[in-house]
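Asker: If you're matching them up, the sequences are chains S and H in order.
The first sequence begins at 11 in the working numbering and counts up by one.
The second sequence begins at 1340 in the working numbering and counts up by one.
Every residue gets a Cβ at the ideal spot worked out from N, C-alpha and C, and that includes glycine.
Small disclaimer: the values here were computed from a predicted structure and weren't measured.
Input: one structure, supplied below.
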Amino acid sequence: MRRAPAFLRVIAIVFVAVAVILPFALRAFAGQREVYWLYVVSQFFTLAMVAVALDLLMGRTGQISLGHNGFFAVGAYTAAILSSRYGVDLLAAMALAGLASAIASLVLGFPAARLRGHYLGIVTFGFGVAIDQVALKWDALTGGDQGLHLKKATLAGIPVGSPFALYFITLAVLVVAVFLVRNLTHTRIGRSFAAVRDSEVAAAAMGVPIARTKVVAFVCSAFLTGVAGSLYAFLAGFIAPEDFGTTQAMLFLAMVVIGGSASIPGAIGGALVVDTVNQAASTVSGLSLAILGGVIVAVTLFFPLGIKGLIARLTNEDDGAPEGSRSGAKPVAAPAPERPIARALEKVGTD
Amino acid sequence: MLELILQIALAGLAQGALYALVALGLVVISNTSNVLNFAQGAMGMAVTYVAWALLTYAGAPFWLAVGAACIAAFAIGALAQIVLLARLGGASDMTQIVLTLGLAMLIEGLVGLGFGYNPRPMALPMSMGPLLVGPVVLRPQDIVNLSFLVVLSLALAVLFTRTSIGLTMRSITQNAFAARLMGVPVERVLSLAWGFGVLLGGAAAVLAAPTTSVTPDMMNTILIYGFAGAIMGGFGSLVGACVGGLLLGVINNFVVAFVSPQLSMTFIFALLLVVLYVRPDGLFGRKSVRKV
């Protein structure tokens, strides 16, 4: 395993440390609001996992997906059906949810492997809408618009349904997912992802099987998203089709775009920004959509590297900048190079 | 039974006219600027509020409201190209899709903030009864949809084959670099193409409003059908987009009538997957060759 730059290691350690201390701090200070905040932060972890999974597909493999709400829904429904009908163990439900999403992604992945970026966006978008409709219509399985209630989660027979226990389980799964994705990128498969992203023709010439690589990326990303979906379902305790609309797909997209492509801390930071905006603006209809849409437009035009660019700047300062500038105010955003888009494209473009 | 089938097909054709209009707009834009305009629906929705306001508050006649909406749509499209898309240069497909999606979210969010999400009814103020064609009935709405498609697609055909603007657009489709060398003002022509493309989407949105009501998300489904229609037609052929959209309308109406109204999108999605699997370049598309 490679070691991350010192700065990123510090961020990761601080993130995990804060996440571990938080529930105890909430227990001590939050009083009545403890359960609510535990729930909000736990759900943020599931979103962060989706962001990492989607970034694996979009940022690292250059395949757009506007249908990850579909995979999220498949995972959530698999877990909900297994739990409500058969009282399946949390771990098994999670694994099967991931598996179900991965299988769904095969249906999408094989035609998608033949598609260019243009068509792929539309097909995945259609998938996200279709899953919603199926969940609504197939009420014998999904409960239709009545939704499904999950049983309290158990792990190896031990009840772990309390918000406190689920919080730590979700955090642990997020950490494992981050490690998996991080290590995956340094394997043969991970490098073939990057090769496909940077130039399909060149990658094919180097012997990378394009179609298979794309399908594998889809399957990996969908698996993680499905696992995240199952945790979402257990945390919420109840799911219904309207939890998984196309708006959710837009939120997922915003997380990755704001995060900057091919960066795990970026993706998690993007999830944090999107989740915060979405929670804070949820009382006024349209507000969070307008803010996030505006942010996406601004990021694409002016800061194509997103949070990742910000981090890169901070790490560079850490490495070689003079003493005075290091202690200075944090830059608000990555500096815009002369031709930001063209410059960014050299790094993140599909071809 | 035959009458029923004819009736369903005809109503589907009228609905498909809207999909065809959206698809045509998408193809006009993607043919010239090579961008998929995911904001097409949101832009159309925004100008529908113009038409709705004129009809409800100013008591304007239908044709004036539609005309004003079309002009607004043209302006929005041209502006989007000049202000936003032109800055992207030759960015990747993904960046462009993300930008237009962000724009769609922004527009929908702003309209939602301004007008709320309550559906507002909008009727076509027309003094025309249903028309009987043999055994089947044509509603005034259907006639308006179909005649709009005929008029606008004929206008497009004239634009592309008989005018110098159309010629320069086709030259950009063929080879933007060479067109620029031959003195075509590419940026200006692109903004015109965006104007025309969004105009088509805006017309579709205004025509859809009597059935969907005016809401910030009224065009979300129609946009996907428009995309699907354009893909079936090969995404590049204007005739293909037209036929694809109409075909989808008819198929969709049969699914709604005989299978389930809730599953219509699922069927269209499955159909799209099959078409793309069998013919990745659509029913009318030519095989494309990718270069490094």
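1) Let me check understanding here. Comparing Cα to Cα, which of S:Phe-81, S:Arg-43, S:Val-139, S:Gly-72 lies closest to Leu-241 (chain S)?
2) Could you check whether the Cβ of Ile-351 (chain S) sits closer than 7 Å to any Cβ belonging to chain H?
3) Tell whether a beta-carbon distance below 7 Å holds between Thr-88 (chain S) and Leu-66 (chain S).
4) Taking the alpha-carbon positions, what's the Thr-71 (chain S) to Arg-222 (chain S) distance?
5) Quick test of your reading: Ala-103 (chain S) and Gly-239 (chain S), contact by CB under 8 Å. State the CB separation rounded to the nearest angstrom.
6) Among H:Gly-1448, H:Leu-1343, H:Ser-1603, H:Leu-1615, whose alpha-carbon lies nearest the alpha-carbon of Leu-294 (chain S)?
7) Quick check on the DSSP output: the alpha helix (DSSP H) that includes Val-4 (chain S) runs from which residue to which?
8) Please list, in chain order, the residues of the segment 246-270 of chain S that have any C-beta partner in chain H closer than 7 Å.
9) Would you report the Cα separation of Leu-1573 (chain H) and Ala-112 (chain S), rounded to the nearest angstrom?
10) Looking at the structure shown, is Leu-158 (chain S) part of a helix, part of a strand, or coil, going by DSSP?
11) What's the C-alpha gap between Pro-1479 (chain H) and Met-1467 (chain H)?
12) So, helix, strand or coil for Val-1472 (chain H), using DSSP?
13) Does the distance from the C-beta atom of Leu-184 (chain S) to that of Ala-58 (chain S) stay below 7 Å?
14) Assuming contact is defined by CB atoms lying nearer than 7 Å, are Met-1382 (chain H) and Ile-1415 (chain H) in contact in what I supplied?
15) Quick one: is Gln-1354 (chain H) near chain S, going by C-beta distance under 7 Å?
16) Between the C-alpha atoms of Lys-340 (chain S) and Gly-303 (chain S), what's the straight-line distance to the nearest angstrom?
17) Could you tell me whether the segment 1389-1404 of chain H touches the segment 1446-1463 of chain H, using the rule of 3 or more Cβ pairs below 8 Å?
18) Does DSSP put Pro-169 (chain S) in a helix, a strand or coil?
19) So Lys-318 (chain S) and Ser-273 (chain S) are in contact, right, with Cβ under 8 Å, and what is the actual spacing, rounded?
20) Take the Cβ of Arg-207 (chain S) as the centre, count every other Cβ of all protein chains shown within 10 Å, and call the residue buried at 16 or more, exposed below.
21) Spell out whether any CB of chain H is found under 7 Å from the CB atom of Lys-162 (chain S).
22) For Asp-1432 (chain H), would you say it is in contact with chain S, using Cβ-to-Cβ distances shorter than 7 Å as the test?
23) Check the Cβ of Pro-121 (chain S) against every Cβ in chain H and list those closer than 7 Å, keeping chain order.
24) Who pairs with Arg-1478 (chain H) in a beta bridge, going by DSSP?
25) By Cβ distance below 8 Å, which residues in the same chain neighbour Gln-156 (chain S) in space, the five residues on each side in sequence not counted?
26) CA-CA distance, Gly-1398 (chain H) and Ala-110 (chain S)?
27) Which residues bound the alpha helix (DSSP H) around Asn-1592 (chain H)?
28) Closer than 8 Å by beta-carbon distance: list the chain S residues that pair up with Gln-1601 (chain H), in chain order.
29) Please report the straight-line C-alpha distance between Ile-199 (chain S) and Gly-69 (chain S), rounded to a whole angstrom.
30) Just grab the DSSP bridge partners of Ile-249 (chain S) for me.
31) Quick one: give me the first and last residue of the alpha helix (DSSP H) that Phe-1608 (chain H) is part of.
32) What is the C-beta distance between Ala-1532 (chain H) and Met-1508 (chain H), in whole angstroms, given that I count them as a contact (C-beta under 8 Å)?
33) Here's the rule I'm using: 16 or more other beta-carbon atoms within 10 Å means buried, otherwise exposed. How should Phe-1516 (chain H) be labelled?
34) Examine the Cβ distances between the segment 1592-1612 of chain H and the segment 1400-1410 of chain H and report whether three or more of them are shorter than 8 Å.
35) In chain order, what residues of the same chain have a beta carbon less than 8 Å from the beta carbon of Gly-136 (chain S), not counting five sequence neighbours either side?
36) Let me check one thing: in DSSP terms, what residues is Thr-164 (chain S) bridge-paired to?
Answerer: In short:
1) Translated into positions along the first sequence, residue 241 (chain S) becomes position 231. Taking only the C-alpha atoms, the option nearest Leu-241 (chain S) is S:Phe-81.
2) To locate residue 351 (chain S), count along the first sequence from 1; it is residue 341. Note that Ile-351 (chain S) scores 45 on pLDDT, short of 50, meaning its location in the model is unreliable; the coordinates nonetheless yield the value given after this. Ile-351 (chain S) counts as touching chain H.
3) The residue labelled residue 88 (chain S) in the question sits at position 78 within the first sequence. The residue labelled residue 66 (chain S) in the question sits at position 56 within the first sequence. No; because the gap between Cβ atoms is not below 7 Å, this pair is not in contact.
4) The residue labelled residue 71 (chain S) in the question sits at position 61 within the first sequence. The residue labelled residue 222 (chain S) in the question sits at position 212 within the first sequence. Near 12 Å, if we compare the C-alpha coordinates of Arg-222 (chain S) and Thr-71 (chain S).
5) Here residue 103 (chain S) is taken as the residue at index 93 of the first sequence, counted from 1. Here residue 239 (chain S) is taken as the residue at index 229 of the first sequence, counted from 1. So it is not a contact: roughly 11 Å between Cβ atoms.
6) For the purposes of this step, residue 294 (chain S) is identified with residue 284 of the first sequence, where counting begins at 1. Correcting the residue type first, residue 294 (chain S) is Val in the shown sequence and not Leu. When each option's Cα is compared against that of Val-294 (chain S), the closest is H:Gly-1448.
7) Since the displayed chain S opens at 11 and closes at 361, residue 4 (chain S) lies outside it and no answer follows.
8) Thr-256, Met-260, Leu-263, Val-267
9) Walking along the second sequence from the start, residue 1573 (chain H) turns up at place 234. Walking along the first sequence from the start, residue 112 (chain S) turns up at place 102. Checking the sequence, you will find Gly at residue 1573 (chain H) rather than Leu. Just so you know, the alpha carbons of Gly-1573 (chain H) and Ala-112 (chain S) end up roughly 29 Å apart.
10) Along the first sequence, one-based indexing puts residue 158 (chain S) at 148. DSSP places Leu-158 (chain S) within a strand segment (E or B) once states are collapsed to three.
11) Position 140 of the second sequence, counting from 1, holds the residue named residue 1479 (chain H). Position 128 of the second sequence, counting from 1, holds the residue named residue 1467 (chain H). Cα-Cα distance, rounded: 6 Å.
12) Counted from its first residue, the second sequence places residue 1472 (chain H) at position 133. Reduced to three states, the DSSP call for Val-1472 (chain H) is strand.
13) Taking the first sequence and counting its residues from 1, one reaches residue 184 (chain S) at position 174. Taking the first sequence and counting its residues from 1, one reaches residue 58 (chain S) at position 48. Yes; because the gap between Cβ atoms is below 7 Å, this pair is in contact.
14) Taking the first residue of the second sequence as 1, we reach residue 1382 (chain H) at position 43. Taking the first residue of the second sequence as 1, we reach residue 1415 (chain H) at position 76. In contact: Met-1382 (chain H) and Ile-1415 (chain H) (Cβ atoms closer than 7 Å).
15) As a working mapping, residue 1354 (chain H) is identified with position 15 in the second sequence. No, because no Cβ of chain S sits closer than 7 Å to the Cβ of Gln-1354 (chain H).
16) To locate residue 340 (chain S), count along the first sequence from 1; it is residue 330. To locate residue 303 (chain S), count along the first sequence from 1; it is residue 293. Legend: pLDDT at Lys-340 (chain S) = 38, less than 50; position of this residue unreliable, no value from coordinates given.
17) yes
18) Translated into positions along the first sequence, residue 169 (chain S) becomes position 159. The answer is strand: DSSP assigns Pro-169 (chain S) an E or B state.
19) Here residue 318 (chain S) corresponds to residue number 308 of the first sequence, with the count starting at 1. Here residue 273 (chain S) corresponds to residue number 263 of the first sequence, with the count starting at 1. Contact flag correct, Cβ pair sits at about 4 Å.
20) As a first step, residue 207 (chain S) must be located in the first sequence, where it is residue number 197. By the neighbour-count rule (16 or more Cβ atoms within 10 Å), Arg-207 (chain S) is buried.
21) By 1-based counting over the first sequence, the position of residue 162 (chain S) is 152. Taking 7 Å as the CB threshold, Lys-162 (chain S) stays off the interface with chain H.
22) To locate residue 1432 (chain H), count along the second sequence from 1; it is residue 93. Output row for Asp-1432 (chain H): interface = yes.
23) Your numbering for residue 121 (chain S) matches position 111 in the first sequence. Under the 7 Å cutoff, chain H gives Leu-1612, Leu-1615, Tyr-1616.
24) Taking the second sequence and counting its residues from 1, the one referred to as residue 1478 (chain H) is at position 139. Paired residues: none, contrary to the question.
25) In the first sequence, the residue the question calls residue 156 (chain S) occupies position 146. For Gln-156 (chain S), where only same-chain residues beyond five positions count, the Cβ hits under 8 Å are Asp-149, Ala-250.
26) The count along the second sequence starts at 1 and reaches residue 1398 (chain H) at position 59. The count along the first sequence starts at 1 and reaches residue 110 (chain S) at position 100. Their backbone Cα atoms lie some 55 Å apart in a straight line.
27) Working through the second sequence from its first residue, we reach residue 1592 (chain H) at position 253. Counting along the chain, the alpha helix (DSSP H) containing Asn-1592 (chain H) begins and ends at 1577-1597.
28) Counted from its first residue, the second sequence places residue 1601 (chain H) at position 262. The contacting residues are Gln-143, Leu-146, Lys-147.
29) Mapped onto the first sequence, residue 199 (chain S) falls at position 189. Mapped onto the first sequence, residue 69 (chain S) falls at position 59. If you take the alpha carbons of Ile-199 (chain S) and Gly-69 (chain S), they lie about 15 Å apart.
30) Locating residue 249 (chain S) in the first sequence gives position 239, counting from the first residue. Its beta-bridge partners are S:Leu-158.
31) Within the second sequence, the letter at position 269 stands for residue 1608 (chain H). Phe-1608 (chain H) -> alpha helix (DSSP H) spans 1603-1617.
32) Within the second sequence, the letter at position 193 stands for residue 1532 (chain H). Within the second sequence, the letter at position 169 stands for residue 1508 (chain H). At roughly 6 Å, the Cβ-Cβ gap stays under 8 Å, so Ala-1532 (chain H) and Met-1508 (chain H) are in contact.
33) As a position in the second sequence, residue 1516 (chain H) is number 177, starting the count at 1. With a 10 Å radius around the Cβ and a threshold of 16 neighbouring Cβ atoms, Phe-1516 (chain H) comes out exposed.
34) Cβ pair count under 8 Å is below three, so no.
35) To locate residue 136 (chain S), count along the first sequence from 1; it is residue 126. The residues are Gly-77.
36) In the first sequence, the residue the question calls residue 164 (chain S) occupies position 154. Its beta-bridge partners are S:Pro-169.
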